[in-house]
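Residue numbers (UniProt numbering): 1 to 333.
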Ligand SMILES: [Zn+2]
């Protein structure tokens, strides 16, 4: 992605900006506009004249008088007969004190020229070349998360034994950023149903889809039984999984391994859920009856053994009695 960001991409990035800021990255302040022809910059709403300054905040009375509050910079600052001049569009002409404020505002744009044929763009200070890149942002987030950063009051348990994509998925879930249907519905987006895509019985919440759904519980029971861990009588919730509340009976050197299995289980459930949401009606029965437990076992063996080079894993031991495993590596526990 180059310097020029489309507005919808920009809005998408900004919507998760607070979560990224919570990692101490100062993401939302890392962009500043590169003014081109002014077509893509919002005159009142973008911070184009000074970092952290929106004209709608600095001049609220004038903003209230504006006919088109989403107007572009180029709509208000135009070249007319060779001279740059303001083109106001007020609901009611400003009077009294507001008139002097108009002149303050005019002074702010006075020296601006908007080069024709040159698109607006953004500088991104977190990249040495000033260009925004999803890959670079992903690397920055990854390095922060792997340092075990605190996310507000919630501490995310980064697990080094499983892939980055799984850890980032868990991070989004910890921050309550997964687009579960009840969450989408509260945003006012029109969706056909809020019922869980897997059981179609209960509204889909984070706890329900990742843990409490009867279909998902079956998978958790298999995982717990595989590891010889008693499934909690009173059930469990998402926070229990993150905190590893039921790990007591597992040797401490295997806590991270079991936690990795739990994280991969949630990730695999979410993938299945997405597959269900996007599958055709005639395929839903087949998708819903997929047994992802074997996939969880094989993926965790592959991923954890690759990141645990001296651990003596083999498939038979892994599927029959993983908790008997004795790693030779000190420090992963
Ligand atoms: Zn369900």
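Glycine residues also receive a C-beta, built at the ideal position from the N, C-alpha and C atoms.
In the DSSP assignment, the residues bridged to residue 80 are 83. In this structure, ligand 1 has no non-hydrogen atom nearer than 8 Å to the beta-carbon of residue 290. Residue 119 and residue 37 do touch by the CB rule: their CB atoms are close to 7 Å apart, below 8 Å. Remark: the shortest separation between the CB of residue 94 and any heavy atom of ligand 1 does not fall under 8 Å. Exclusion of the five residues before and after residue 259 leaves 159, 244 as the residues of its chain whose Cβ lies within less than 6 Å of its Cβ. Runs of the beta strand (DSSP E) lying entirely within the stretch 195 to 225 and spanning at least 3 residues: none are present. Cβ contact annotation for residue 222 (same chain, cutoff 6 Å, sequence separation greater than five): 293, in chain order.
Looking at the DSSP output, residue 42 shares a beta bridge with 72. Counting along the chain, residue 33 sits inside the beta strand (DSSP E) bounded by residues 31 to 34.
Spanning the alpha carbons of residue 252 and residue 322 requires a straight line of approximately 14 Å. With a cutoff of 9 Å on beta-carbon distance, residue 208 and residue 241 are scored as not near each other. Residues 162, 166, 296, 299, 300, 303 of the same chain have their beta carbon placed closer than 8 Å to that of residue 264, with the five preceding and five following residues left out of the count. With fewer than 16 other Cβ atoms inside 10 Å of its own Cβ, residue 128 counts as exposed. Under the Cβ criterion (8 Å, minimum of three pairs), the stretch 106 to 119 counts as touching the stretch 35 to 51.
In this structure, residue 73 places its C-beta atom within 9 Å of the C-beta atom of residue 48. With a contact defined as Cβ atoms closer than 8 Å, residue 206 and residue 176 qualify at about 6 Å. Per DSSP, residue 22 has no beta-bridge partner at all. Taking 9 Å as the cut-off, the Cβ atoms of residue 287 and residue 279 count as close.
Residue 168 is not a Cβ neighbour of residue 191, given a cutoff of 9 Å. Classified as buried, residue 204 has 16 or more neighbouring CB atoms from the shown chains inside 10 Å of its CB. Not a single heavy atom of ligand 1 lies less than 8 Å from the C-beta of residue 191. Annotated three-state conformation of residue 263 is helix, per DSSP. Judged by DSSP secondary structure, residue 318 falls within the alpha helix (DSSP H) whose first and last residues are 315 to 320.
At the C-beta level, residue 45 and residue 55 come within 9 Å of one another. Just so you know, the alpha carbons of residue 134 and residue 250 end up roughly 39 Å apart. In this structure, 196 is the residue among 196, 185, 318 with its C-alpha nearest to the C-alpha of residue 272. Where residue 169 is concerned, the enclosing alpha helix (DSSP H) starts and stops at 164 to 174. Taken through DSSP and simplified to helix, strand or coil, residue 114 comes out as coil. Taking 9 Å as the cut-off, the beta carbon of residue 224 is found no closer than this to the beta carbon of residue 215. Counting of Cβ neighbours within 10 angstroms places residue 110 among the exposed residues, the total staying below 16. Every beta strand (DSSP E) stretch that sits fully inside the stretch 88 to 140 and reaches 3 residues is listed by chain position as 121 to 124. Per DSSP, the continuous alpha helix (DSSP H) segment holding residue 60 begins and ends at 60 to 65. With a cut-off of 8 Å, the C-beta of residue 201 is classified as near ligand 1, since at least one heavy atom of the ligand falls inside that distance. Taking the Cβ of residue 214 as the reference point, at least one heavy atom of ligand 1 falls within a distance shorter than 8 Å. When distances are taken from the beta-carbon of residue 50 to the heavy atoms of ligand 1, even the shortest one reaches 8 Å or more. Under the DSSP assignment, residue 186 falls in the alpha helix (DSSP H) whose first and last residues are 181 to 186.
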